[in-house]
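Novice: Residue numbers (my numbering): 291 to 643. The beta-carbon is built from N, C-alpha and C at its ideal position, and this holds for glycine as well. One structure coming up, written as structure tokens, with questions to follow.
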């Protein structure tokens, strides 16, 4: 029998999620999941919102004493991408209209302003030295180096409203979600060659049937396939890399393994799928067989908790970066005490059928 996550609506929903998802271990009150006595699997590492988060404690103290204004901060982060080494974090801010580049190796924050982008940015992906960002108003994906220097542009005129992007570096392909537009077109995934921009394929169509999409937002590519956040159908749809339907993960509901507004999707080094639900402000983890392993976070404004989250990215060390939209920051978590074998067994919370 499936256990309910939530019951009710509005504030009752938020309170229910917080009670179910939230906990703090005895490790200096660092938020961690699941709650004791279960083995800890996810731990909050830190948060990022501005250049101040890259400064040392002395620099922060000096700026406070000197009365120097705080640097520009994230206001509504939406998309995130990270290098495999975790030395560069790219964040799109829809409200400010800029692309933030947190260069941890250099200890600097750089921004690509709205004027250089031509509109508010959305989905972000990193492939090699190129940072790709989707600009819906331009119907294009633009790439920059880690210093914010323009590299290339990918025209997306076949899309009504391009939103999310994922890169298959080995194949040299970009997968872009076409959310929709006022005329109701879209609801698909377009595949473009990074070199030359040739349109290679399109899959998905408006609907709620097998392989259909309805306002898809974010997308992730793994060694196994393509995962699309089918947001208004409250599910994730898995395709192979040729666009053939594989399966549906989740469904609309308030139980474990179900969603309301799935958005960010990403996979870790074990092939597990992480899905951000912007309405429940929570993240659920599924194994390769689409069985639910764990859920974490929940609504709130303290570190580790979320408010209208969107994009998610995972580096090679299984650090998890989440765009925490209405908390004006990116929260970073670490997968701990976990091996490949742990992903084979279903977790304590059953997945939706």
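Leaving out the 5 sequence neighbours to the left and right, which residues in its chain are closer than 7 Å to residue 493 when beta-carbon positions are compared?
Specialist: Excluding positions up to five away in sequence, the list reads 478, 479, 529, 533.
Novice: Within 8 Å of any Cβ in chain D, is that where the Cβ of residue 411 sits?
Specialist: The displayed structure is made up of one protein chain only, and chain D is not part of it.
Novice: Could you say which of 624, 554, 611 lies nearest to residue 392 if we only look at CA atoms?
Specialist: Among 624, 554, 611, the Cα nearest to that of residue 392 belongs to 611.
Novice: Below 8 Å between beta carbons: does that hold for residue 421 and residue 461?
Specialist: In this structure, residue 461 does not lie closer than 8 Å to residue 421 by Cβ.
Novice: Taking the Cβ atom as the reference point for each residue, do residue 484 and residue 464 lie within a distance shorter than 8 Å?
Specialist: Their beta carbons are under 8 Å apart, which means residue 484 touches residue 464 by this criterion.
Novice: Within 10 Å of its beta-carbon, does residue 591 have 16 or more other beta-carbons around it, so buried, or fewer, so exposed?
Specialist: So residue 591 ends up on the exposed side.
Novice: Grab the span of the beta strand (DSSP E) containing residue 325 for me, first residue to last.
Specialist: No beta strand (DSSP E) contains residue 325, which DSSP labels as neither H nor E.
Novice: Along the chain, which unbroken stretches of the beta strand (DSSP E) at least 3 residues long are found entirely within the segment 545–593?
Specialist: Entirely contained in the segment 545–593, the beta strand (DSSP E) runs reaching 3 residues are, in chain order, 552–557, 563–567, 572–576, 582–587.
Novice: So what's residue 344 in DSSP terms, helix, strand or just coil?
Specialist: Of the three classes helix, strand and coil, the one that applies to residue 344 here is helix, per DSSP.
Novice: Cβ of residue 331 within 8 Å of Cβ of residue 563?
Specialist: No, they are not a contact pair.
Novice: Would residue 358 be called buried (16 or more neighbouring beta carbons within 10 Å of its own) or exposed?
Specialist: With a pLDDT of only 49 at residue 358, under 50, the local geometry of the prediction cannot be trusted, and the value read off the model is given with reservation. Exposed.
Novice: Helix, strand or coil for residue 616? Go by DSSP, reduced to three states.
Specialist: Reduced to three states, the DSSP call for residue 616 is helix.
Novice: On the premise that residue 507 lies in contact with residue 454, defined as a C-beta separation below 8 Å, what is that separation, rounded to the nearest angstrom?
Specialist: Residue 454 to residue 507, Cβ: 6 Å. Contact.
Novice: Count the CB pairs spanning the segment 372–391 and the segment 320–334 that are closer than 8 Å, and state whether there are at least three.
Specialist: No: fewer than three Cβ pairs fall under 8 Å.
Novice: Rounded to a whole number of angstroms, what is the C-alpha to C-alpha distance between residue 389 and residue 572?
Specialist: In a straight line, the C-alpha of residue 389 is about 24 Å away from that of residue 572.
Novice: Go through its chain and collect everything with a Cβ distance to residue 411's Cβ below 6 Å, but skip five positions before and after it.
Specialist: So the qualifying residues of the chain are 382, 389, 423, 425.
Novice: Here's a check: name, in chain order, each residue in its chain whose Cβ is nearer than 7 Å to the Cβ of residue 628, leaving out the five neighbours to either side.
Specialist: For residue 628, where only same-chain residues beyond five positions count, the Cβ hits under 7 Å are 331.
Novice: Taking residue 396 as the reference, give the member of 364, 403, 436, 495 with the closest Cα.
Specialist: Ranking 364, 403, 436, 495 by Cα distance to residue 396 puts 436 first.
Novice: Would you mind giving the Cβ-Cβ distance between residue 597 and residue 616, rounded to the nearest angstrom? I have them listed as a contact below 8 Å.
Specialist: Their Cβ separation, rounded to whole angstroms, is 4 Å, which keeps residue 597 and residue 616 in contact under 8 Å.
Novice: Are residue 599 and residue 577 closer than 8 Å when you measure CB to CB?
Specialist: No, they are not a contact pair.
Novice: The beta strand (DSSP E) spanning residue 542 covers which residue range?
Specialist: Taken as a continuous stretch (DSSP letters only), residue 542 belongs to no beta strand (DSSP E), as it is neither H nor E.
Novice: Taking its Cβ as the centre, do 16 or more other Cβ atoms sit within 10 Å of residue 450, making it buried, or is it exposed?
Specialist: Burial call: buried.
Novice: Work out the CA separation of residue 323 and residue 632 for me, nearest whole Å.
Specialist: Those two C-alpha atoms are separated by around 15 Å.
Novice: Can you look up residue 448 in the DSSP assignment and give me helix, strand or coil?
Specialist: Of the three classes helix, strand and coil, the one that applies to residue 448 here is coil, per DSSP.
Novice: Can you look up residue 405 in the DSSP assignment and give me helix, strand or coil?
Specialist: In this structure, residue 405 counts as helix in the three-state DSSP scheme.
Novice: Flag residue 407 as yes when its Cβ comes closer than 7 Å to any non-hydrogen atom of the ligand GTP, and as no otherwise.
Specialist: The ligand GTP is not part of the structure shown, which contains no ligands of any sort.
Novice: Would you mind working out which of 467, 569, 408, 403 sits nearest residue 443, comparing C-alpha positions?
Specialist: The residue with the shortest Cα to Cα distance from residue 443 is 408.
Novice: Could you check where the beta strand (DSSP E) with residue 367 kicks off and where it finishes?
Specialist: Unbroken beta strand (DSSP E) run through residue 367: 367–372.
Novice: Which residue or residues does DSSP assign as beta-bridge partners of residue 396?
Specialist: DSSP, once it has assigned bridges, lists no residue as partnering residue 396.
Novice: Look up residue 469 in the DSSP assignment and say whether it is helix, strand or coil.
Specialist: If DSSP states are grouped into helix, strand and coil, residue 469 belongs with coil.
Novice: For residue 633, which of helix, strand or coil comes out of DSSP?
Specialist: The answer is helix: DSSP assigns residue 633 an H, G or I state.
Novice: Counting only the same chain and skipping the five closest in sequence on each side, list residues whose C-beta sits under 8 Å from that of residue 498.
Specialist: Once the five neighbours on either side are set aside, the close Cβ partners of residue 498 are 504, 523.
Novice: Using three-state DSSP, classify residue 436 as helix, strand or coil.
Specialist: Three-state result, residue 436: coil.
Novice: Along the chain, where does the beta strand (DSSP E) containing residue 416 start, and where does it finish?
Specialist: Looking at the DSSP string, the run of the beta strand (DSSP E) that includes residue 416 is 414–417.
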